[in-house]
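J.: Using my numbering, read the sequence shown as starting at 7 and increasing by one per residue.
Where a beta carbon is used, it is the ideal one built from N, C-alpha and C, also for glycine.
The structure displayed is predicted, hence computed values, not measured ones.
Got a structure for you, written out below as structure tokens; questions coming shortly.
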Amino acid sequence: MSALLAYDALAKLGLMLALLLGLGLLQWWRPARGDASGSRWRRNLGLIALSTLAARVLVPVTGAVAALWAAEAGIGLFNVWPVPSALAFGATLVAMDFAIYWQHRAFHHVPLLWRAHRVHHSDPGFDVSLGLRFHPFEIVPSAAFKLGVVLALGAPVAGVVVYELMLLGMSLFTHADLRLPARVESAVRKLLVTPDWHRVHHGIDRDEHDRNFGNILIVWDRLFGTAREQPRDGHEAMAIGLVGYSQPEGQGLWRLLRQPFLSRPPQEEKAEAPHA
Numbered sequence: 007m008s009a010l011l012a013y014d015a016l017a018k019l020g021l022m023l024a025l026l027l028g029l030g031l032l033q034w035w036r037p038a039r040g041d042a043s044g045s046r047w048r049r050n051l052g053l054i055a056l057s058t059l060a061a062r063v064l065v066p067v068t069g070a071v072a073a074l075w076a077a078e079a080g081i082g083l084f085n086v087w088p089v090p091s092a093l094a095f096g097a098t099l100v101a102m103d104f105a106i107y108w109q110h111r112a113f114h115h116v117p118l119l120w121r122a123h124r125v126h127h128s129d130p131g132f133d134v135s136l137g138l139r140f141h142p143f144e145i146v147p148s149a150a151f152k153l154g155v156v157l158a159l160g161a162p163v164a165g166v167v168v169y170e171l172m173l174l175g176m177s178l179f180t181h182a183d184l185r186l187p188a189r190v191e192s193a194v195r196k197l198l199v200t201p202d203w204h205r206v207h208h209g210i211d212r213d214e215h216d217r218n219f220g221n222i223l224i225v226w227d228r229l230f231g232t233a234r235e236q237p238r239d240g241h242e243a244m245a246i247g248l249v250g251y252s253q254p255e256g257q258g259l260w261r262l263l264r265q266p267f268l269s270r271p272p273q274e275e276k277a278e279a280p281h282a
């Protein structure tokens, strides 16, 4: 069990570092918008470090460990009604991506969840570091939800490990400040989410940031009516972020941590504060 935990953590850390370096260099070489900055990276990486620590303390069981326990206990769909291992593996990837699509929609439409998720959307820029900008109050319930899905499916360990690596990798890729060549974009977009597709989701207007919820597979948005092909103002001119929450005074690490507790945007609270 401890070896599985160590392997799982090392695999995710290695993938994260490799993609941060590779995609960071690519977006520096050929940026779509030029949003990357050292200050954004520092606060976004600082936030995910704190969120990961909170998740490990509050939800110490990983998806892989939950899958192993479910197999040993004989619980979950694929453990009660065994199917060929290849089918269980493939079905796990699709079913988990389907579940995370609906989780993402819930974080937009349930007010309490949105308070945590708006920290992710309040970044005024769009680059690979945004793929790691998640508040602890989002990471912890997300981790618990994934455990529930794994147990309900009786998902195989290999399927869970591969899906979680894919989810991490795609979060970094789809937030990268990249523009794929038109032919590549068209081909990839038939199946997978691309940076251009996901960038629409970070538009400042609600009719854009309440679209394109998919994380890996693009089919869920098209199937459930949440797809938007292009941003209104084009990718270079579109405004990224959230009205009232993307100003510089709300972007420090401490301010991001306290943002879910604010009932009004930071500058409104500042304007209403009593003056000496």
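#1: Just how far apart, CA to CA, sit E144 and N221?
#2: Since L32 and H127 are thought to touch, with beta carbons under 8 Å apart, how far apart are those beta carbons, to the nearest angstrom?
#3: Just the C-alpha distance for L83 and R261, rounded to the nearest angstrom, thanks.
#4: Exposed or buried, what is L64 when buried is set at 16 or more other beta-carbons lying within 10 Å of its beta-carbon?
#5: Give the straight-line distance between the Cα atoms of P237 and V206, rounded to the nearest whole angstrom.
#6: Taking contact to mean at least 3 C-beta pairs separated by less than 8 Å, is the stretch 33-47 in contact with the stretch 176-186?
#7: Per DSSP, L223 is paired with what?
#8: For V116 versus H141, is the C-beta spacing smaller than 7 Å?
#9: Within its chain, find whatever has a CB closer than 7 Å to the CB of V146; leave out the 5 residues flanking it on each side and keep chain order.
#10: Alpha carbon to alpha carbon, how far is V166 from S43? Give it in angstroms, no decimals.
#11: Write down the C-beta distance between L25 and L223 rounded to the nearest angstrom, noting that I regard them as a contact closer than 8 Å.
#12: For F104 and V134, what's the separation of their Cα atoms in angstroms?
T.: Checking against the coordinates, here is how it stands:
#1: Each residue's alpha carbon lies about 16 Å from the other.
#2: About 24 Å; that fails the 8 Å criterion.
#3: Approximately 43 Å between the Cα atoms of the pair.
#4: Around the CB of L64, fewer than 16 other CB atoms lie within 10 Å, so the residue is classed as exposed.
#5: About 5 Å.
#6: Yes: the two stretches touch, three or more of their Cβ pairs being nearer than 8 Å.
#7: In the DSSP output, where bridge partners are listed per residue, L223 has L198.
#8: Against a cut-off of 7 Å, the Cβ pair of H141 and V116 comes out as no contact.
#9: For V146, the CB contacts under 7 Å within the same chain, skipping 5 residues up- and downstream, are A60, A61, L64 and V65 in chain order.
#10: S43 and V166: Cα-Cα distance of roughly 33 Å.
#11: Here L25 is actually not in contact with L223; their C-beta atoms are around 19 Å apart, not less than 8 Å.
#12: When rounded, the separation of the alpha-carbon atoms in F104 and V134 is 23 Å.
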